[in-house]
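Input: a single structure, listed below in structure tokens.
In the numbering used here, the protein residues as written are 94 to 386.
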């Protein structure tokens, strides 16, 4: 029998093979020269993120990277990915929905995004981002001069987080689309968004579906839109809006030159309230091209 000394055991331990995922490697090769790197067919492990990040470092064909789903991204994997993105000047659209990045992930992401001059479309849906992460995102918006679309659906930002983001947009002149579905916002956050709309000259699309804005928040936004002709799309369905807001909505519509879309579905408007809004739009030469009640 051959004797093994301590050095032999150390050598065996060092020879542990590196992590491999043949299926993922094949997928990457198939997409290597396409315009989109899309990874949402399986749950990705933290080690898988390293493999994808290594491709991001060298791939100059992808202009869109989608890592969506219930992936198991840890802090080290997130940092490795963001470092790879920092070295990539081709990816303009980054979709990271459902990765549970949380506030910790955003704290790692924020320094990269603050100085990034490539990414224009950022989707962070369902990432467990709270008002703490909202504050970090607001700091990014104060420095970033490239991002045009920010989607934060399904994150518990609360009013505090929404307020931070809205205040950052007072002086941001790049973002054109802000989507805040299901962020646990009430009229308090909506009032700050209204203040933002009085000052901001670039936001064209604002989506606030499935919150608790109520009539107070709706009226604040409508009043702000009297002097704002930049916003052309407002999605505000399922927000506990009642007939108390009808007169304010009517007045707002009468001041608009153009409005591509107004979505008020699944609120608590009566049939009469809806008809009043429709008639106002008709009398105003159908200023709202797509009116959804």
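In this text, a Cβ means the ideal position worked out from N, Cα and C, and glycines have one as well.
Given residue i as reference, the closest of the options once Cα atoms are compared
i, options, result
"residue 205", "171, 255, 333 and 191", "171"
"residue 278", "289, 246 and 298", "246"
"residue 368", "309, 353 and 336", "336"
"residue 378", "347, 364, 361 and 360", "347"
"residue 364", "385, 152, 138 and 193", "385"
"residue 183", "210, 163 and 195", "210"
"residue 212", "202, 258, 324 and 290", "202"
"residue 173", "144, 162, 190 and 154", "144"
"residue 237", "271, 294, 207 and 296", "207"
"residue 111", "123, 141, 162 and 131", "141"
"residue 154", "160, 129 and 163", "129"
"residue 269", "323, 219, 233 and 312", "323"
"residue 334", "366, 350, 354 and 326", "366"
"residue 243", "249, 258 and 251", "258"
"residue 248", "235, 288, 303 and 296", "303"
"residue 241", "132, 253 and 262", "262"
"residue 152", "133, 164, 177 and 160", "177"
Residue burial classification, residue i (beta-carbon count within 10 angstroms, cutoff 16)
i, result
"residue 158", "buried"
"residue 150", "exposed"
"residue 374", "buried"
"residue 126", "exposed"
"residue 116", "exposed"
"residue 370", "buried"
"residue 338", "buried"
"residue 169", "exposed"
"residue 315", "buried"
"residue 382", "exposed"
"residue 395", "The requested residue 395 is not part of the displayed model; the chain covers only 94 to 386."
"residue 306", "buried"
"residue 228", "buried"
"residue 188", "buried"
"residue 218", "buried"
"residue 313", "buried"
"residue 376", "exposed"
"residue 294", "exposed"
"residue 292", "exposed"
"residue 356", "buried"
"residue 180", "exposed"
"residue 196", "buried"
"residue 224", "buried"
"residue 136", "exposed"
Bridge partners - residue i, DSSP secondary structure assignment
i, result
"residue 343", "Partner(s): none; residue 343 has no beta bridge."
"residue 361", "335"
"residue 131", "159"
"residue 149", "In the DSSP output, where bridge partners are listed per residue, residue 149 has none listed."
"residue 315", "DSSP lists no partner for residue 315."
"residue 328", "300 and 356"
"residue 126", "Bridge partners of residue 126: none, in fact."
"residue 305", "279"
Terminal residues of the alpha helix (DSSP H) in which residue i lies
i, result
"residue 288", "280-292"
"residue 255", "251-261"
"residue 172", "168-179"
Residue i - containing beta strand (DSSP E), residue span
i, result
"residue 382", "381-385"
"residue 270", "270-272"
request  = Quick one: which unbroken alpha helix (DSSP H) runs of 4-plus residues sit fully inside the region 186-244? Chain order, please.
outcome  = Listed in chain order, the complete alpha helix (DSSP H) runs (minimum 4 residues) inside the region 186-244 are 195-208 and 224-236.
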